[in-house]
Structure formats: structure tokens, C-alpha cells
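Student: Protein chains in written order, with this note's numbering: chain A, 439 to 643; chain B, 439 to 643.
All C-beta atoms, glycine included, are put in the ideal place defined by N, C-alpha and C.
This structure is in C-alpha cells; I'll ask about it shortly.
Number of protein chains: 2
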Amino acid sequence: MASAARITVMSIQTRRERERAERERLIVTAARDLAEAEGWDAVTTRRLAAEIEYSQPVLYSHFKGKGAIMAAVAVRGCEELTADLRASTASAEGAYGRIAAVGRAYTDFGRRRPALYDAMFTHLVDLPFATPEAPAPLQEAFGELLRSVEPFAREGEDRALLTETFWAGLHGLVTLMRSGRLPEQAHDRRLALLVERFAPQDPMA
Amino acid sequence: MASAARITVMSIQTRRERERAERERLIVTAARDLAEAEGWDAVTTRRLAAEIEYSQPVLYSHFKGKGAIMAAVAVRGCEELTADLRASTASAEGAYGRIAAVGRAYTDFGRRRPALYDAMFTHLVDLPFATPEAPAPLQEAFGELLRSVEPFAREGEDRALLTETFWAGLHGLVTLMRSGRLPEQAHDRRLALLVERFAPQDPMA
DNA sequence: TCTCCTTGCTAGCAACGCTAGGGACGAGAA
DNA sequence: TTCTCGTCCCTAGCGTTGCTAGCAAGGAGA
Numbered sequence: 439m440a441s442a443a444r445i446t447v448m449s450i451q452t453r454r455e456r457e458r459a460e461r462e463r464l465i466v467t468a469a470r471d472l473a474e475a476e477g478w479d480a481v482t483t484r485r486l487a488a489e490i491e492y493s494q495p496v497l498y499s500h501f502k503g504k505g506a507i508m509a510a511v512a513v514r515g516c517e518e519l520t521a522d523l524r525a526s527t528a529s530a531e532g533a534y535g536r537i538a539a540v541g542r543a544y545t546d547f548g549r550r551r552p553a554l555y556d557a558m559f560t561h562l563v564d565l566p567f568a569t570p571e572a573p574a575p576l577q578e579a580f581g582e583l584l585r586s587v588e589p590f591a592r593e594g595e596d597r598a599l600l601t602e603t604f605w606a607g608l609h610g611l612v613t614l615m616r617s618g619r620l621p622e623q624a625h626d627r628r629l630a631l632l633v634e635r636f637a638p639q640d641p642m643a
Numbered sequence: 439m440a441s442a443a444r445i446t447v448m449s450i451q452t453r454r455e456r457e458r459a460e461r462e463r464l465i466v467t468a469a470r471d472l473a474e475a476e477g478w479d480a481v482t483t484r485r486l487a488a489e490i491e492y493s494q495p496v497l498y499s500h501f502k503g504k505g506a507i508m509a510a511v512a513v514r515g516c517e518e519l520t521a522d523l524r525a526s527t528a529s530a531e532g533a534y535g536r537i538a539a540v541g542r543a544y545t546d547f548g549r550r551r552p553a554l555y556d557a558m559f560t561h562l563v564d565l566p567f568a569t570p571e572a573p574a575p576l577q578e579a580f581g582e583l584l585r586s587v588e589p590f591a592r593e594g595e596d597r598a599l600l601t602e603t604f605w606a607g608l609h610g611l612v613t614l615m616r617s618g619r620l621p622e623q624a625h626d627r628r629l630a631l632l633v634e635r636f637a638p639q640d641p642m643a
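Printed below as a string of C-alpha cells:
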């Protein structure tokens, strides 16, 4: 009976852990959806608690605070971004077609999922970036960027640094446009100019 | 006497308007200094009121709300940025030297005055951008950028759009670095890569 | 001297992120 | 089956935020 009891205890614990993990996913999903629908200002701990049909303190048993919830949303967002970038390169032809497709997919992501994008790259979330401890989804997204940029690195140029610079260009386009500093209408032409600067190839090639 | 009274009224009103304008300047300066010293989170209406030695509601007789105060700080920030950009080009030689100096001055400004920079280009402040109604200091800052970029526009390329794209690159470098997404240490090399892409000249020329 | 209007204050509202403390409920032992 | 203990989650509340209503004081003009 002793061992049976132990097994029962373990199965109960695993069930509880499973339920806890599920609820945690529920929180992140609710935060993401609410942010996408009404912006991060609308994501209050009260509203979020109501959305998942638990009380406020439950959130704090899963996350240290609102910032940690946003960080979790950001990590999930990286997975979606990586998927978008990969999908865009599937039908791209040639190195120029590839970097153009990635640039397009990246800026589209920023415009289509503004709240997600802000959590990932604008707001201050304490996630490790640009270090080996960075979350895997983040590193994968960067890797996709790097693969599209590295063919255009010249002799003696660091591929990673060049990718970061190209990334900065895309990021600037997205944020300045989204905050109203740049008019949306000419985005296509600005994106083309940026890609052209980093991939000085014949667009028809 | 009637006309003397009218003149008296006018002089009293002008004195009051002058004092009001002075107090408004005081508010903006206090907000700017406080933000630079401790970040925008520390700039609360109560704290700001204490700083100018008036009560909270006085702020609202000058500005619609905290956002409007930040917008006013942003406009003043544009003047400083313009001054920095102009100073940097004074000793620059040649078109390449000019765009390199401007890029350096711009990113230095973003790093040296982070709160000011955020009010201008990151936070959502309801200022008209990229329209004729944009504040003059803003247009002047953009003009300085444009002057440094336009020599590198190719045939058929819109100079303003190219400047916006270069600006996006600088902005991306500043914001990604400041939020910890890019390590500070390699900034110089990233900046050099960006400038090189937009001004493909011999650095020695 | 009296009246009115401007001006800036005190006090308070609703909402925020976050936390303390208690009550209910289920698991394990007798 | 009953008792005890530990876990889990909720109610209630703290301190702070941006912003506003309503009143008191003081100067301008008749």
C-alpha cells in the first residue's frame, strides 16, 4: 500500500502541475489576445483576472508581476515571428528575393500584431537579449534574419553585426510608422530603399 | 482717463501673460530635468507640482494633461537635437564626413539624453509629424538629416523618403541598444556599417 | 468702499499594480 | 468514518497614479 500511495500522490501532483501549466498558458493567451484587441493599456491585472475567471492574486502565483506576463507574451511572439519569416522565405528565390521577403514579412508582422511587437522589441521587459541565455525562440528569429542578410556581407564585415544593423533599420521603420512619425502610405518605397541599400542587386535577378 | 485705463488693463494683462508664459517654461524645464535625472516614470503630476512649487491643478491650467507636457518637452528636445546636428556638421568635410558626423551626433544624442529622446520619438505624444503642421523645430531637425543624406540619393529616388529610411536605421540602433536588445559595445561598428550602406564612399575621401 | 472675476488651493474620485490574511476544501492518518 | 493538516484561492485593502470639482482669497474696476 505504501508504494501505491506514493504513486497516487505522484499522479495527483502531476495532474496539479498539468493544470497549473494549462492555467499559465491561459493567462499568457488571454494577455496576448487582450493586448492585440485593445492595446497594452487595456491589459490590467483586474481585467486579465476576470478574463481567465480567477482572482487577481492568482496571476502573482504564476508570474512575478505584469512585466513578467508581458515577457512571456513576448517569447510566444518570437515563435510567431519566426514562423512568419520562415514562411516568407519558402517561396523566395535568390538571395535578393530572400532578404526582400524577410524585410516584408518582418514589417508586416510589426504592423499586423502591434501589441505583440511592442512587448517583444519596444517595451522594457527583462529578457536577456543578445546573449547565450536569450530565449530560444528569440535566437531562432534572429537566425532567420541572419540567414537572409549574410550573403550580402562584404569582406571583413561581421555577419552578425550587419544583421543587427539591418534589423535596426526594419525596427526603425516599424516603430516610427506605428507611432505616427512616418506616414504609412510610403512604407513600401522606404522598405525597398532599405533592402536596396543592404542588398545592392538587380531587383530582377 | 478712459484710454489710460484701457492702457493700464492692457499692461496688466501683458504682465500676466508674461508671467504665465514664464511659469509654463518652468513646468517644461522641470519636467525635462526630472525625466532626464530619473526617467519618465518619476515624472508624476504631484512630483512636478512640488518641483515648481505650485499645486497640481495648476499644471492642468497650462496643459491638457501629462501627455501634453511630454509633447512640449519633446518640441524643446528637437531644438537641442537640431543644434547638436548642426554643430556636428560644422567641422565635417565632404559628403561622407557629413553623413557620418550626423549619424554619430544623432545616436549620441539618443544615448546622452534618453528621456528626451523617448519623448520625441518613442512615446505616443499627439504631435503632428511628417505634415506641414509639424512643429518647426521638428522640421528643422529633419532638414539637417536631409541635407546630409540627399547627396547620396540615386536617380529616381525620393530624397525625403531616403532620409526617412536612414533616420529609421539610426532610430532602430538607438532604441534597440537603449532597451538592451543590442549590446552597447559594438555600437560604433554598427553605425559605421549603416553609414557605409547609405553612403558607399571611400571613408578616406 | 463695494462687487465681481480671476486664480490657485484643498480634497477627493476612479483605477492602477500588488499584497496580507483568512476561509474552504481535499489528502492522508487513525 | 472522522480528524487533522496543508494547500489553494478569494476578499479586502494599501499606496500611488492622472485628473477634477468646488471653494476661498485677492486684486481690478465702478
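Indicate the three-state DSSP secondary structure (helix, strand or coil) for B/Asp596 in the structure shown.
Tutor: Reduced to three states, the DSSP call for B/Asp596 is coil.
Student: Is it the case that the Cβ atoms of B/Val563 and B/Ala557 are separated by a distance below 9 Å?
Tutor: Yes; because the gap between Cβ atoms is below 9 Å, this pair is in contact.
Student: Return the CA-CA distance between B/Arg597 and B/Leu583, expressed in angstroms with no decimal places.
Tutor: Rounded to the nearest angstrom, the two C-alpha atoms are 11 Å apart.
Student: For B/Pro638, which of helix, strand or coil comes out of DSSP?
Tutor: Here B/Pro638 sits in coil by DSSP.
Student: Residues of the segment 592-606 of chain B in Cβ contact with chain A at a cutoff of 8 Å, in chain order, please.
Tutor: Cβ contacts with chain A: Glu595, Asp596, Leu599, Leu600, Glu602, Thr603, Trp605 and Ala606.
Student: Taking CB distances under 9 Å as the criterion, tell me whether A/Arg536 reaches chain B.
Tutor: Chain B contact via Cβ: absent.
Student: Using 8 Å as the cut-off, can you tell me whether the segment 526-538 of chain B makes contact with the segment 610-621 of chain B, which would need three or more C-beta pairs spanning the two stretches below that distance?
Tutor: With a cut-off of 8 Å, the segment 610-621 of chain B and the segment 526-538 of chain B do not count as touching, because too few Cβ pairs lie within range.
Student: If we count the other Cβ atoms within 10 Å of its Cβ and call it buried at 16 or more, is A/Ala553 buried or exposed?
Tutor: A/Ala553 comes out buried.
Student: For the segment 471-558 of chain A, which segments carrying the beta strand (DSSP E) assignment without a break, of at least 3 residues, lie completely within its bounds, in sequence order?
Tutor: You should have found no qualifying run.
Student: Taking DSSP as the reference, what is the three-state secondary structure of A/Phe590?
Tutor: A/Phe590: helix per DSSP, three-state reduction.
Student: At the level of alpha carbons, what is the spacing between B/Glu595 and B/Glu474?
Tutor: Whole-angstrom Cα-Cα distance: 38 Å.
Student: Give the C-beta separation of B/Leu629 and B/Leu620 to the nearest angstrom, bearing in mind that I take them to be a contact with Cβ-Cβ under 8 Å.
Tutor: About 11 Å; that fails the 8 Å criterion.
Student: Does DSSP put A/Ala459 in a helix, a strand or coil?
Tutor: In the structure shown, A/Ala459 sits in a helix (DSSP, three-state: H, G or I).
Student: Hey, would you say B/Ala487 sits closer than 9 Å to B/Val481, going by beta carbons?
Tutor: Taking 9 Å as the Cβ cut-off, B/Ala487 and B/Val481 do not qualify as a contacting pair.
Student: Between A/Leu632 and A/Gly541, how many whole angstroms is the CB-CB distance? I'm expecting something under 8 Å.
Tutor: About 7 Å; that satisfies the 8 Å criterion.
Student: By the criterion of Cβ-Cβ separation under 8 Å, what are the contact partners of A/Arg627 in chain B?
Tutor: Those are Asp596 and Leu599, listed as they occur along chain B.
Student: Would you say B/Ala643 reaches chain A, if we count a Cβ-Cβ gap shorter than 9 Å as a contact?
Tutor: The pLDDT assigned to B/Ala643 is 46, lower than 50, so where the model puts this residue is not dependable; a value taken from the coordinates is nonetheless given after this. Answer no: the Cβ-Cβ gap between B/Ala643 and chain A never drops below 9 Å.
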